[in-house]
Amino acid sequence: MSKPSHIPVFPDAYLRDNFRLTLEQHGLFLMLMMEAWNSPDCSLPDNEKDLAKIAGITPARFRKISPEVLEKWTRDGGRIYQKRLLKEWRYVREKSAKRKAAANSRWQQQDASKCNANAMHLGGGEGEGGGGLSQGSSFRDEVGDKPFRVVGGGK
């Protein structure tokens with residue numbers, strides 16, 4: 015399954031839950047959220063060196079600003095995850111899977127002769143074209159050997 019393309023962010027809930035963070039801590043929190051969102055299981059390694067690298071800061075700076083941020087994450091088996099983010103990640107993936115299944119079902123139910131793109135574009139044995147690209151008159155037959163001038167209307 016492909017990765018979810020967007021993160022549903024609810025500004026009122028985010029600001030209510032994180033109003034005490036500094037600007038730098040907000041940046042750390044959001045960088046960790048985005049990295050987790052793009053991971054296969056919506057989690058990150060519970061390793062300050064890796065987390066600092068994700069945020070683009072030194073491990074020393076990470077140690078100084080991360081305690082308040084990491085309070086909002088859950089540690090489990092050497093990984094960290096954010097509960098609300100994981101809930102939204104699962105919801106978006108489930109919704110995407112359902113939509114994909116519904117689209118596949120619609121395509122399978124349609125009559126193949128009505129949606130055969132090759133038959134429609136190549137004439138399909140009906141109407142003009144005789145069912146092939148090279149049958150009938152050629153371009154040279156229609157415009158002659160004279161150069162075709164767009165400005166003059168083809169004359």
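Mapping the sequence shown onto our numbering, position 144 (from 1) lands on 158, and the numbers just tick up by one.
In this text, a Cβ means the ideal position worked out from N, Cα and C, and glycines have one as well.
Q. Considering only residues of the same chain and omitting the five flanking positions on each side of Gly-92, which have a CB-CB separation below 6 Å?
A. What you label residue 92 is simply residue 78 of the sequence shown in a count that begins at 1. Hits under 6 Å: Asp-60.
Q: Would you mind listing the alpha helix (DSSP H) stretches within the stretch 19-82 that are 4+ residues and don't spill past its ends, in chain order?
A: 25-32, 37-51, 62-69
(Q) Using the Cβ count rule (16 or more neighbours within 10 Å means buried), how would you classify Met-48? (A) As a first step, residue 48 is located in the sequence shown; it is residue number 34 there, counting from the start. Classification of Met-48: exposed, given that the 10 Å Cβ count is below 16.
Q. Measuring CA to CA, which of Ala-74, Lys-101, Asp-26 is closest to Trp-87?
A. Counting from one through the sequence shown, the residue named residue 87 turns up at place 73. Ranking the options by Cα distance to Trp-87, first place goes to Lys-101.
Q. Is it true that the CB of Ala-69 sits closer than 7 Å to the CB of Leu-42?
A. In the sequence shown, residue 42 corresponds to position 28, counting from 1. In the sequence shown, residue 69 corresponds to position 55, counting from 1. Going by C-beta atoms, Leu-42 is nearer than 7 Å to Ala-69.
**Q.** Distance CB(Trp-121)-CB(Cys-56) smaller than 7 Å
**A.** Translated into the one-based positions of the sequence shown, residue 121 becomes position 107. Translated into the one-based positions of the sequence shown, residue 56 becomes position 42. No, the pair does not count as a contact, with Cβ atoms beyond the cut-off.
Q) So, is Ser-127 buried or exposed, given that buried needs 16 or more other C-beta atoms within 10 angstroms? A) Within the sequence shown, residue 127 is the residue found at index 113, counting from 1. Any reading at Ser-127 needs caution, since the residue's pLDDT is 49, under 50, leaving its predicted position unreliable; the model's value is listed next. It counts as exposed.
Q) Going by alpha carbons, who is nearest to Met-45 out of Ala-66, Lys-78, Pro-25, Asp-90? A) Reading the sequence shown from its first residue, position 31 is the one you call residue 45. The candidate whose alpha carbon is nearest that of Met-45 is Ala-66.
Q) Excluding the five sequence neighbours on either side, which residues of its own chain have a C-beta within less than 7 Å of the C-beta of Arg-89, listed in chain order? A) Here residue 89 refers to the residue found at position 75 when the sequence shown is read from its first residue. The answer, listed in chain order, is Asp-60.
Q) If you draw a straight line from the C-alpha of Asp-123 to the C-alpha of Lys-109, how long is it? A) Along the sequence shown, read from residue 1 onward, the residue named residue 123 stands at position 109. Along the sequence shown, read from residue 1 onward, the residue named residue 109 stands at position 95. According to the sequence shown, residue 123 is Gln rather than Asp. Distance between the alpha carbons of Gln-123 and Lys-109 is about 21 Å.
Q) Tell me the DSSP bridge mates of Tyr-95? A) Here residue 95 refers to the residue found at position 81 when the sequence shown is read from its first residue. Tyr-95 pairs with Thr-88.
Q: With a threshold of 6 Å, establish whether the CB of Trp-51 neighbours any heavy atom of the ligand ZN.
A: Among the components modelled here there is no ligand, and therefore nothing to report on the ligand ZN.
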